[in-house]
């Protein structure tokens, strides 16, 4: 596969007066100044952040032959998470994490807020889409053997991301605080308490008291909105860094070309 051309380095910001007077002092028109303003801004940012190297590695990295739609499952999961974050911010503007007001705020959001029912529905079903996508992505990684050396750490990060995604689903399910979510959380908490060694302590931490109540709802809301999303964002950054650094594995049904130094010479 021919290597794509790499972009040249971004231009540095011009010296004061250079764009208006021109390098030869002949002056430049407003159209030329406006055309080069974007490049000047990008050059200014790049000179202070050094982002060109990372973007070049991300956008112009080599992709093995035989890649197909299975390789887009990771990007689909990332898109689903981004969409969940955006819709979650909208829902948080109207939600009240209180046992006496949580259900009323959800009802108000659904029935009275413009596009509220649509955004809530997208957030609700988007959670299922994200869980399905991340499981399919991990399944593709396993069956294609992409978890092997030197990508073991990326596999571990992916497993942690699956666990955090399930925690997001569990903590978000209680937030409407209706009968279904209340009793479903009790069942889930009781199952958690049956885990070996740390199970009872984890169940007590999630319940935040002798029974599920106001403190439990506040704790679930904090975990759902702050703790878990922050961990997911950090791990996604590490995951993408390792993908760029280590590259993408070829499908298992394709044999890689052996280096010339390892090929046996045929004797005629």
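Residue numbers (my numbering): 1268 to 1535. Where is the CB? At the ideal position from N, CA and C, for every residue including glycine. Just so it is clear, the structure is predicted and the values come from calculations on it, not from any experiment.
The beta carbon of residue 1490 is closer than 6 Å to those of 1438 in its chain, skipping five residues each way along the sequence. In this structure, the CA atom of residue 1478 is about 18 Å from the CA atom of residue 1369. In this structure, the alpha-carbon of residue 1511 lies about 18 Å from that of residue 1337. Contact between residue 1519 and residue 1411 holds, with the beta-carbon distance rounding to 6 Å and staying under 8 Å. The beta carbon of residue 1486 sits closer than 6 Å to the beta carbons of 1475 from its chain, once the five residues preceding and following it are set aside; these are given in chain order.
Around the Cβ of residue 1321, a 10 Å sphere holds fewer than 16 other Cβ atoms; the residue is exposed.
The region 1347-1384 contains, as complete alpha helix (DSSP H) runs of 4+ residues, the segments 1369-1378 (chain order).
Taken through DSSP and simplified to helix, strand or coil, residue 1471 comes out as helix. Non-local C-beta neighbours of residue 1466 in its own chain, meaning closer than 7 Å and more than five positions away in sequence, comprise 1459, 1460, ordered along the chain. By the criterion of a C-beta distance shorter than 7 Å, residue 1488 is surrounded in its chain by 1364, 1442, once the five residues flanking it on both sides are discounted. The beta carbon of residue 1366 is closer than 8 Å to those of 1444, 1480, 1481, 1484 in its chain, skipping five residues each way along the sequence. Counting only the Cα atoms, residue 1397 lies some 28 Å from residue 1379.
The beta carbons of residue 1350 and residue 1383 sit no closer together than 8 Å. For residue 1470, same chain residues with a beta-carbon under 7 Å away, outside a window of 5 residues either side, are 1456, 1459, 1460 in chain order.
Each residue's CA atom was taken as its position, placing residue 1440 and residue 1468 some 21 Å apart.
In the three-state DSSP reduction, residue 1413 falls in the coil class, being neither helix nor strand. Comparing alpha-carbon positions, the option among 1462, 1463, 1436, 1464 lying closest to residue 1451 turns out to be 1436. Annotated three-state conformation of residue 1313 is helix, per DSSP. 1507 is the residue among 1517, 1521, 1507 whose C-alpha sits nearest the C-alpha of residue 1326.
Shown here for residue 1408: same chain residues with a beta carbon closer than 6 Å to its own, the five before and five after excluded, namely 1414 in chain order.
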